[in-house]
DNA sequence: TTGTATGCGTTATCAG
DNA sequence: CTGATAACGCATACAA
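Chains as they are written, first to last, in our numbering: chain A, 1 to 350; chain B, 1001 to 1350.
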């Protein structure tokens, strides 16, 4: 019963009476092996229960059969974001059925990030990477190219990129939210946005401004770092200012929940006094009181497509671009008709 | 500028005028190399900018320099749980400074899980694994041992284990919560628990029952799957039943938030009519209205210690057990004095 | 103290 | 067309 070491191609070769090289050719189904030899080799391999050593394979073909995901956010922000778990599940759906493995690196943003990519490339720990949270003039695109890694980007970078990309039109999601509010009679709305240097955050903000404008609504934008704390602060600034908006469109659910908390704290009733929409359609949102109206994207599908695209790139397919289904707006209880007359501001204290 | 292939020990050997074997000895600081040769070899390596090929090293020493984390929960439940991002950040804190890498596998619970461990071991993709979410009579302990992987468990398994473990006394966290409620005058409280087969969930439930009993309180326990949906359902059952409790202790923040939603939906004011405590101290909790009283654990520290312990196990240190700091109770606004007289039940509808 | 041979699977090169 | 050989990159047991 002792765990004897695995059979190698040398064992198979000996048993079949041929050389190691020929065994490799036969096992990989390559031409140049006589039918008789091939059968003998395959039989020998089966009898010995041979399977290739991934490490030896990895050494000789120069691939690691692994893909990398470097998440450059603070743990707090990741923890609040339902995107990554679902996205990673989608990646796994594809990678695990392709004999690939996911190498995950969580880094605090900044210098560490570049070093992480360099280390992954230097040690050839991954064959390719998935680039998420694209930033304005994102240095990672050039870096990864220079390092000789394959890659796929989530969304199209704002500078030339040699990599395939997979996009979700989150602008459309915001558009749906704003149009929903327009139909409810809102004329003065605000957007609590993510960091301007994040491409998807600024895309959402732009869609907000454009759609509000198209419907003749006033549309203010406040920028945050995507955290609940800054989402709460932005909400407070909005609601305590003169002429507060009658609806707020948040760039993620996390801030929307914090904003809801602030509104309630200020004595407002949602959606009677203020309408609120989130983004992500967190599981939690539907259990709040009021349940959160939110933009839903299919992060898991996104992950699966991203993984598939990366594997194709590794197989030599030229760079392409894919668009996934548009996000949908899930209307629940946090949005309602615009209040008839503007609330008096500064009407309540904490 | 062409990316010329990296120097190998053969290059170093040639330059130093010695054999490959001796180079390896010198570079690894092993005895049996004359000072003169050693210096010549080190100089040559420095001049050539040599660094070892991880893959070749991996092949020859039979290690992968990677650790694995297999998460066996549905993406929804992971997404809601702030534990993993923080825990993973803690793992990275240690692994990244040790030249190790984290291989992450997200599997839907069930058969897939075992196969994932088998694959990781068969391909020797990881040297060791971190076992989280320990279950009653957890088959993974024996499986991982049989597969010849090193491991560290989060908490002590309920059956013999050859592995080191790192524990946080979450029972103490629940105790703090219950004692807090006792001081506030509550006499009839409930616990919305996680699955009985999960060791930490049942540990929390046991601590709840014991502490309630010790303080002469009535203490009911309802079991869920840790999801917001079941947390909400349990809360509804509690509040709509006869003689509802005056406080509910939840086994995670996610269910606590959902429970808060239900309470508000039923017309209750928290904490006037009902006190609520969570577990995890999610960032979101402090931004709710009312802000959530919750048990805080240091998941990041837990991850760091778990990684360090696993690395020690890989280095041959015999199995040990470590206890981390007790969780603390962060008192916010969702807990208050017990209502004077019991509310009338069935007093409101949705 | 130092050199040599072996192990892994793949593949370029060479021999029949 | 079929098949053998050697090299790859490192560590290490063994020989000298």
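Yeah, the Cβ is synthetic: ideal placement off N, Cα and C, and Gly gets one too.
Whole alpha helix (DSSP H) runs in the stretch 1064-1089 of chain B with 4 or more residues, listed along the chain?
Complete alpha helix (DSSP H) runs here, min 4: 1075-1080.
Could you check what DSSP says for residue 1227 (chain B) in three-state terms: helix, strand or coil?
One-based indexing of the second chain puts residue 1227 (chain B) at position 227. Residue 1227 (chain B) falls in the coil class under three-state DSSP.
Which one of B:1111, B:1273, B:1148 and B:1135 has the shortest CA to CA distance from residue 1154 (chain B)?
On the second chain, residue 1154 (chain B) is found 154 positions in, with the first residue counted as 1. Cα-wise, what sits closest to residue 1154 (chain B) is B:1135.
Where does residue 1014 (chain B) fall in DSSP's three states?
In the second chain, the residue the question calls residue 1014 (chain B) occupies position 14. Residue 1014 (chain B): helix per DSSP, three-state reduction.
Return no unless some Cβ of chain B is closer than 8 Å to the Cβ of residue 337 (chain A).
In the first chain, the residue the question calls residue 337 (chain A) occupies position 337. Chain B contact via Cβ: absent.
Taking the beta carbon of residue 1287 (chain B) as the centre, do at least 16 other beta carbons fall within 10 Å, making it buried, or is it exposed?
The sequence position of residue 1287 (chain B) within the second chain is 287, counting from 1. The residue in question, residue 1287 (chain B), is buried, as its Cβ has 16 or more Cβ neighbours within 10 Å.
Could you tell me the distance, in whole angstroms, from the CA atom of residue 16 (chain A) to the CA atom of residue 10 (chain A)?
Translated into the one-based positions of the first chain, residue 16 (chain A) becomes position 16. Translated into the one-based positions of the first chain, residue 10 (chain A) becomes position 10. Cα-Cα distance, rounded: 10 Å.
So what does DSSP say about residue 1222 (chain B), is it helix, strand or coil?
Position 222 of the second chain, counting from 1, holds the residue named residue 1222 (chain B). In this structure, residue 1222 (chain B) counts as strand in the three-state DSSP scheme.
What does residue 1124 (chain B) touch in chain A if you count any residue whose Cβ is under 9 Å from its own?
Here residue 1124 (chain B) corresponds to residue number 124 of the second chain, with the count starting at 1. Under the 9 Å cutoff, chain A gives 53, 54 and 55.
For a contact meaning CB atoms closer than 7 Å, what does residue 75 (chain A) contact in chain B?
Position 75 of the first chain, counted from the start, is the residue given in the question as residue 75 (chain A). Correct list: 1085, 1086, 1089 and 1300.
Which value, in whole angstroms, describes the spacing of the CA atoms of residue 1305 (chain B) and residue 1157 (chain B)?
Working through the second chain from its first residue, we reach residue 1305 (chain B) at position 305. Working through the second chain from its first residue, we reach residue 1157 (chain B) at position 157. Whole-angstrom Cα-Cα distance: 18 Å.
Do residue 1102 (chain B) and residue 1129 (chain B) have their C-beta atoms closer together than 8 Å?
Residue 1102 (chain B) sits at position 102 when you count from the first residue of the second chain. Residue 1129 (chain B) sits at position 129 when you count from the first residue of the second chain. No. Outside cutoff.
For residue 12 (chain A) and residue 36 (chain A), what's the separation of their Cα atoms in angstroms?
Position 12 of the first chain, counting from 1, holds the residue named residue 12 (chain A). Position 36 of the first chain, counting from 1, holds the residue named residue 36 (chain A). About 15 Å.
Distance, Cα to Cα, residue 1349 (chain B) vs residue 1290 (chain B)?
As a working note, residue 1349 (chain B) is residue 349 in the second chain. As a working note, residue 1290 (chain B) is residue 290 in the second chain. In this prediction, residue 1349 (chain B) scores a pLDDT of 44, lower than 50, which makes its location untrustworthy; no coordinate-derived value is stated.
Locate the beta strand (DSSP E) running through residue 167 (chain A), then write down its first and last residues.
Taking the first chain and counting its residues from 1, one reaches residue 167 (chain A) at position 167. Start and end: 164-167.
Going by Cα to Cα distance, which pick from A:211, A:166 and A:282 is closest to residue 177 (chain A)?
One-based indexing of the first chain puts residue 177 (chain A) at position 177. Cα-wise, what sits closest to residue 177 (chain A) is A:211.
Which residues in chain B have a C-beta closer than 8 Å to the C-beta of residue 261 (chain A)? List them in chain order.
Here residue 261 (chain A) refers to the residue found at position 261 when the first chain is read from its first residue. In chain order: 1287, 1288, 1289 and 1291.
Using beta carbons (cut-off 8 Å, strictly below), is residue 100 (chain A) in contact with chain B?
Reading the first chain from its first residue, position 100 is the one you call residue 100 (chain A). Chain B contact via Cβ: absent.
Distance, Cα to Cα, residue 1335 (chain B) vs residue 258 (chain A)?
Taking the first residue of the second chain as 1, we reach residue 1335 (chain B) at position 335. Taking the first residue of the first chain as 1, we reach residue 258 (chain A) at position 258. Using only the alpha carbons, I get a separation of about 19 Å.
Compute the distance between the beta-carbons of residue 1253 (chain B) and residue 1285 (chain B), then report whether it is under 8 Å.
Working through the second chain from its first residue, we reach residue 1253 (chain B) at position 253. Working through the second chain from its first residue, we reach residue 1285 (chain B) at position 285. Yes, the Cβ-Cβ distance between residue 1253 (chain B) and residue 1285 (chain B) is below 8 Å.
Below 8 Å on C-beta distance, what does residue 1276 (chain B) contact in chain A?
Numbered from 1 along the second chain, position 276 holds the residue referred to as residue 1276 (chain B). Neighbours of residue 1276 (chain B) on chain A: none; closest Cβ ~13 Å, over 8 Å.
Tell me, to the nearest whole angstrom, how far the beta carbon of residue 70 (chain A) is from that of residue 105 (chain A); I am working on the premise that it is less than 8 Å.
Translated into positions along the first chain, residue 70 (chain A) becomes position 70. Translated into positions along the first chain, residue 105 (chain A) becomes position 105. Confirmed, about 5 Å.
Could you say which of B:1152, B:1062 and B:1133 lies nearest to residue 1318 (chain B) if we only look at CA atoms?
What you label residue 1318 (chain B) is simply residue 318 of the second chain in a count that begins at 1. Among B:1152, B:1062 and B:1133, the Cα nearest to that of residue 1318 (chain B) is on B:1152.
Taking any Cβ of chain B, which residues in the stretch 101-112 of chain A have a Cβ under 9 Å from it, in chain order?
Those would be 101, 102, 103, 104, 105, 106, 107, 108 and 112, in chain order.
Do the stretch 257-272 of chain A and the stretch 224-240 of chain A touch if we need at least three Cβ pairs shorter than 8 Å?
Touching, yes, given that three or more Cβ pairs across the two stretches are closer than 8 Å.
Kindly indicate if chain B contains any beta-carbon less than 8 Å away from that of residue 78 (chain A).
Counting from 1 along the first chain, the entry for residue 78 (chain A) is found at position 78. Yes, because at least one Cβ of chain B sits closer than 8 Å to the Cβ of residue 78 (chain A).
Whole angstroms are fine: how far does the CA of residue 1097 (chain B) sit from the CA of residue 118 (chain A)?
Here the question's residue 118 (chain A) lines up with position 118 in the first chain. Here the question's residue 1097 (chain B) lines up with position 97 in the second chain. Residue 118 (chain A) and residue 1097 (chain B): Cα-Cα distance of roughly 14 Å.
Pop quiz: residue 1064 (chain B) and residue 1126 (chain B) are said to be a contact at Cβ under 8 Å. What is the actual Cβ separation, rounded to whole angstroms?
For the purposes of this step, residue 1064 (chain B) is taken as residue 64 along the second chain, with counting starting at 1. For the purposes of this step, residue 1126 (chain B) is taken as residue 126 along the second chain, with counting starting at 1. Contact holds; Cβ gap of about 6 Å.
Decide yes or no for the touch test of the stretch 1194-1211 of chain B against the stretch 1167-1182 of chain B: beta carbon pairs closer than 8 Å, at least 3 of them.
Contact between the stretch 1194-1211 of chain B and the stretch 1167-1182 of chain B is present, because at least three Cβ pairs lie under 8 Å.
With a Cβ-Cβ cutoff of 8 Å, do residue 1086 (chain B) and residue 1320 (chain B) count as a contact?
By 1-based counting over the second chain, the position of residue 1086 (chain B) is 86. By 1-based counting over the second chain, the position of residue 1320 (chain B) is 320. For residue 1086 (chain B) and residue 1320 (chain B), no; Cβs fall outside 8 Å.
Closer than 8 Å between beta carbons: that is the criterion. Which residues of the stretch 1153-1175 of chain B meet it against chain A?
For the stretch 1153-1175 of chain B, which is checked against every Cβ of chain A, not one residue is closer than 8 Å.
For residue 40 (chain A), tell me which candidate among A:54, A:24 and A:52 has the shortest Cα-Cα distance.
Reading the first chain from its first residue, position 40 is the one you call residue 40 (chain A). If we check each option's Cα against that of residue 40 (chain A), A:24 comes out closest.
To the nearest angstrom, report how far apart residue 1237 (chain B) and residue 221 (chain A) are at their CA atoms.
Position 237 of the second chain holds residue 1237 (chain B). Position 221 of the first chain holds residue 221 (chain A). Cα to Cα, the separation comes out at about 42 Å.
With a 10 Å radius around its C-beta and 16 neighbouring C-beta atoms as the bar for buried, classify residue 1141 (chain B) as buried or exposed.
Translated into positions along the second chain, residue 1141 (chain B) becomes position 141. Label assigned to residue 1141 (chain B): buried.
If I'm right that residue 262 (chain A) touches residue 192 (chain A) with Cβ under 8 Å, what's the distance once you round it to whole angstroms?
As a working note, residue 262 (chain A) is residue 262 in the first chain. As a working note, residue 192 (chain A) is residue 192 in the first chain. Actually they do not touch by this definition, with Cβ atoms about 11 Å apart.
Interface residues of chain B around residue 257 (chain A) at Cβ under 9 Å?
Taking the first residue of the first chain as position 1, residue 257 (chain A) is located at position 257. Correct list: 1257, 1284, 1287 and 1288.
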